[in-house]
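Worksheet: one structure, shown below.
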Amino acid sequence: MDTLETTGFNPRGRRTLTKLLAGAALALLALPASAQQIADTVFHNGVVYTVNDQADFAEAVAVKDGRILAVGSNTDIDALIGDATQLVDLSGRVLMPGLVDGHMHPMGGGAQLTACNLNYAPLSVAEVLAKITACAEAEAEADPTTWLRVNGWFRQAMTPAGADLTAAILDQVPTARPIIVIATDFHSMAANSAALSAAGITGDTPNPSDGEIIRDADGLATGIFLDGAIWMVVGAAPDLPADLQAIKNRANLEAALAAIRAQGVTTILDAAAGPEGIAQFNTLRDEGLLTVRAQFAPVVSADETADPAAAVAKVIALGDTYNTTPGAVAPGLSVRTAKVFMDGVIQAPALNGALNAPYLHNTGTDDAPVFEPSDNSGTLYVSEAQLTGVMAAFAEAGLRVHLHADGDGAVTVALNALEATRALHPDAAFRPAFAHCELMDPTDYARFAELGAQPVLSMQWGKRAPDTIDTVQDYIGPERFAYLETAGKFHDSGARIAFGSDWPVDALNEWFAMEVAITRENDQSPDPAYAGRLGDDPGLDLPTALRAFTIDAAYSLDMDQDIGSIEPGKLADLIVIDRDLFQIDPSAISDTKVLLTMVGGQEVYRAEDFLDQ
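Counting in our numbering, the sequence shown runs without a single skipped number right up to 931 at its last residue.
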């Protein structure tokens, strides 16, 4: 039997001739001919990134009943072709596992695609008002009590530097409707006076335990709300009639799923899932229209962490309603994780990510700035003792936690709580995820591997941009700046890294994120201030980056036994891309085009120029 001489990865990420794959992978071919299975689909004549533990390559894959039947050479896989087998000639293109996005917000992403959207643009106050006015005028017949929600406000990139929105500014939009403007970081929101009035926000309204109402010198609300305070306003919006809300939810989810499958993403975690969103996913699943495997992490608020038993019961109840069979071929749903927000964000003007040392502030002038320590170290929403209690309860129940930990202080406290949890439940099969970890204390890197914590990083942030340079660098100083957005330092410490896009905090572009993970450069900005690498972090090599987007992200969701690599027996969640990432300059990875996306052996996306295949 002919075999394929395959390739592994050397430390620099280039392919080198190593060993034979087919003999080990194709145990099926040792069966008598009468017992051999005939594949439903065969991909051949390609470059197959298996992303298995040996980082093998192959040139053909057979799929049967939604699972991978065999992997090997063209000659090997030919034995599994029958009259009804669909042949996909890759013609040298790449077949790889479907991407796994370990942290996103699909319903919010869909809403951003379908509603009034500032589209992440660096805008002046006048430009923001013009765009919102256009949205209001496009809905001139809307009921005055219907709120206008505006998405995609890049608060940190407002021009000129330091510009911001207030209720007084938004009141200039010629409408009586309440207006809310959601920042791209989803930790800040601006509202007009009509929205404040509808929500009953006054100078006497107290801050929630996990957020802040920004006030002026007289103690009056300015119209800016942070974190938990956002929901004090949003929650006052009247509900749409049930039928209209269902139509809106469905439109948002359908838009999100179209974007997700076109990116080659086959599994996601909704990292702050609401009941309505989970229900809408379930509706599409019931109709056979779900095109992605979906896990959900409903939020356990800071206040709810004080009652661990109730927090566990909340997640279990949702799981009992919506969980489908783990490992099933058809894409299903899973609610087995709690989302806990430890802090806010480290970017100015919010500066409410919890730090181990104070933020710096400008004690000089705009022309001659002098940054010195302030009295602000951000806000920790959940204490170490309280987090330990709820984390231990989830570990004991066989569930997971997914923590928002942005600042180094939040990360340190979360690691301390995990250490205590491990001591309480040393045998628990517990895979906690720490999302973002934008700023790190250097002594904490090694603790991730030691404690089995997994950083879930939005790697597109590891570049020079307004949200790393203009609104962070001066506020943390040069010593801490070396530990900003550091995927490479995590990897060097032995941590297993997963990717999570955090969409719609950024536009959904998995391949740009993969590029930045390697290059740490921003090739999408024409501004010379954002040219060059960010900091001294080495970034990731390509094999490690690929794992973060596939098998290691699958590990964070406890799905690595079923997805994330191309191996016999695993689910046939596969994508075809238009280029061999190992044979191009890393700066071209962002141009990658997905040609085909398959979930459980079923095609869910095909590019127009792949129609003839």
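Glycine included, C-beta positions come from ideal geometry on N, C-alpha and C.
Sequence-distant residues of its chain with Cβ nearer than 6 Å to residue 932 (five each side left out): The first residue shown for the chain is 319 and the last is 931, placing residue 932 beyond what the model contains.
Is the beta carbon of residue 379 sitting closer than 8 Å to the one on residue 413? In the sequence shown, counting from the first residue as 1, residue 379 sits at position 61. In the sequence shown, counting from the first residue as 1, residue 413 sits at position 95. Yes; because the gap between Cβ atoms is below 8 Å, this pair is in contact.
Under the assumption that residue 695 contacts residue 673 (Cβ atoms under 8 Å), give the Cβ distance between them as a whole number of angstroms. Residue mapping note: residue 695 aligns to position 377 of the sequence shown, counting from 1. Residue mapping note: residue 673 aligns to position 355 of the sequence shown, counting from 1. Between the beta-carbon of residue 695 and that of residue 673 there is about 5 Å, and that keeps the pair under the 8 Å contact cut.
Quick check on this structure: which residue in 927, 919, 458 and 663 has the alpha carbon closest to the alpha carbon of residue 403? Counting from 1 along the sequence shown, the entry for residue 403 is found at position 85. That would be 919, whose Cα lies nearest to the Cα of residue 403.
Neighbourhood of residue 926 by C-beta, 7 Å cutoff - its chain only, sequence neighbours within 5 removed: Position 608 of the sequence shown holds residue 926. By the criterion of a C-beta distance shorter than 7 Å, residue 926 is surrounded by no residue of its chain, once the five residues flanking it on both sides are discounted.
CA-to-CA distance, residue 844 to residue 600, given in whole angstroms: Here residue 600 is taken as the residue at index 282 of the sequence shown, counted from 1. Here residue 844 is taken as the residue at index 526 of the sequence shown, counted from 1. Their Cα atoms are separated by approximately 42 Å.
Spatially closest choice to residue 364 from 895, 910 and 904, by CA coordinates: In the sequence shown, counting from the first residue as 1, residue 364 sits at position 46. When each option's Cα is compared against that of residue 364, the closest is 895.
With a CB to CB cut of under 8 Å and the five nearest residues on each side skipped, what residues in its chain are close to residue 636? Within the sequence shown, numbered from 1, the residue matching residue 636 stands at position 318. Around residue 636: 593, 596, 614, 616 and 653.
Bridge partners for residue 923 per DSSP, in chain order? Mapped onto the sequence shown, residue 923 falls at position 605. As DSSP reads the structure, residue 923 sits in a beta bridge with 915.
Assigned secondary structure, residue 626 (DSSP; H/G/I helix, E/B strand, else coil): Walking along the sequence shown from the start, residue 626 turns up at place 308. Residue 626 sits in a helix when the DSSP states are folded into three classes.
Using a 10 Å radius around the Cβ and a threshold of 16 neighbouring Cβ atoms, would you call residue 715 buried or exposed? The sequence position of residue 715 within the sequence shown is 397, counting from 1. Residue 715 is buried by the Cβ-count criterion.
Apart from the five residues just before and just after residue 624, which ones in its own chain have a Cβ nearer than 7 Å to its Cβ? Translated into positions along the sequence shown, residue 624 becomes position 306. For residue 624, where only same-chain residues beyond five positions count, the Cβ hits under 7 Å are 704.
Which word fits residue 478, buried or exposed, when buried means at least 16 other C-beta atoms lie within 10 angstroms of its C-beta? If you number the sequence shown from 1, residue 478 lands on position 160. Exposed is the call here.
Can you check DSSP and say which residues form a bridge with residue 406? Position 88 of the sequence shown holds residue 406. For residue 406, DSSP records a beta bridge to 361.
Counting only runs that start and end within the segment 471–533, where is the alpha helix (DSSP H) found for 4 or more residues in a row? Positions of the alpha helix (DSSP H) runs, each at least 4 residues long and wholly inside the segment 471–533, are given as 485–488 and 511–517 in order along the chain.
Residue range of the unbroken beta strand (DSSP E) whose run includes residue 721: To locate residue 721, count along the sequence shown from 1; it is residue 403. Start and end: 718–723.
Is residue 801 helix, strand or coil by DSSP? To locate residue 801, count along the sequence shown from 1; it is residue 483. In the structure shown, residue 801 sits in coil (DSSP, three-state: anything other than H, G, I, E or B).
Where the beta strand (DSSP E) containing residue 413 begins and where it ends: Residue numbering aside, residue 413 sits at position 95 when the sequence shown is read from its first letter. According to the DSSP assignment, residue 413 belongs to the beta strand (DSSP E) that extends over 412–415.
At what residues does the beta strand (DSSP E) containing residue 928 begin and finish? Your numbering for residue 928 matches position 610 in the sequence shown. Run containing residue 928: none; DSSP gives neither H nor E here.
If contacts are defined as beta-carbon pairs under 8 Å, then residue 416 and residue 585 qualify, I think. What distance do you get, rounded to the angstrom? Looking up residue 416 in the sequence shown gives position 98. Looking up residue 585 in the sequence shown gives position 267. Between residue 416 and residue 585, the beta carbon gap of about 7 Å places them in contact (Cβ cut-off 8 Å).
Which of the three DSSP states, helix, strand or coil, is assigned to residue 349? Here the question's residue 349 lines up with position 31 in the sequence shown. The pLDDT assigned to residue 349 is 39, lower than 50, so where the model puts this residue is not dependable; a value taken from the coordinates is nonetheless given after this. Residue 349 falls in the coil class under three-state DSSP.
Where does residue 782 fall in DSSP's three states? Start at 1 with the first residue of the sequence shown, and residue 782 comes out as number 464. In the three-state scheme derived from DSSP, where H, G and I count as helix and E and B as strand, residue 782 is classed as coil.
Across the segment 733–749 and the segment 683–697, are there enough close Cβ pairs to call them in contact, namely three or more that are closer than 8 Å? Output reads no: the segment 683–697 does not touch the segment 733–749.
Spatial distance of residue 748 from residue 598 (CA atoms): The count along the sequence shown starts at 1 and reaches residue 748 at position 430. The count along the sequence shown starts at 1 and reaches residue 598 at position 280. Each residue's Cα considered, the two are about 29 Å apart.
What is the rounded straight-line gap between the Cα of residue 578 and the Cα of residue 537? Here the question's residue 578 lines up with position 260 in the sequence shown. Here the question's residue 537 lines up with position 219 in the sequence shown. Straight-line Cα distance between these residues: approximately 44 Å.
Please go through the segment 699–766 and give each complete beta strand (DSSP E) segment of 3 or more residues, from N-terminal end onward. Counting only runs of 3 or more, we get 718–723 and 751–754.
Which residues DSSP lists as bridging residue 375, in chain order: By one-based count along the sequence shown, residue 375 stands at place 57. Residue 375 pairs with 367.
Going by C-alpha distance, which of 502, 506 and 514 is nearest residue 496? Here residue 496 refers to the residue found at position 178 of the sequence shown. Among 502, 506 and 514, the Cα nearest to that of residue 496 is on 514.
Residue from 821, 769 and 546 with nearest C-alpha to residue 737: Taking the sequence shown and counting its residues from 1, the one referred to as residue 737 is at position 419. Ranked by how close their Cα comes to the Cα of residue 737, the residues 821, 769 and 546 have 769 in first place.
Taking the beta carbon of residue 458 as the centre, do at least 16 other beta carbons fall within 10 Å, making it buried, or is it exposed? In the sequence shown, counting from the first residue as 1, residue 458 sits at position 140. By the Cβ neighbour-count rule, residue 458 is exposed, with fewer than 16 other Cβ atoms within 10 Å of its own.
My guess is that residue 763 and residue 808 are in contact by the Cβ rule of under 8 Å, so how many angstroms apart are they, rounded? Here residue 763 refers to the residue found at position 445 when the sequence shown is read from its first residue. Here residue 808 refers to the residue found at position 490 when the sequence shown is read from its first residue. With a Cβ gap of about 6 Å, residue 763 and residue 808 count as contacting.
Could you check how far apart the C-beta atoms of residue 880 and residue 892 are, in whole angstroms? I think they sit under 8 Å. Numbered from its first residue, the sequence shown carries residue 880 at position 562. Numbered from its first residue, the sequence shown carries residue 892 at position 574. Contact check for residue 880 and residue 892: beta-carbon distance about 13 Å, past the 8 Å limit, so the pair fails to qualify.
Pull up the distance between the alpha-carbon of residue 469 and that of residue 886, whole angstroms please. Residue numbering aside, residue 469 sits at position 151 when the sequence shown is read from its first letter. Residue numbering aside, residue 886 sits at position 568 when the sequence shown is read from its first letter. Rounded to the nearest angstrom, the two C-alpha atoms are 43 Å apart.
Tell me whether residue 606 is buried or exposed, calling it buried when 16 or more other Cβ atoms sit within 10 Å of its Cβ. As a working mapping, residue 606 is identified with position 288 in the sequence shown. With fewer than 16 Cβ atoms within 10 Å of its Cβ, residue 606 is classed as exposed.
Distance between beta carbons of residue 717 and residue 655, contact taken as under 8 Å: Mapped onto the sequence shown, residue 655 falls at position 337. Mapped onto the sequence shown, residue 717 falls at position 399. 7 Å between Cβ atoms; contact.
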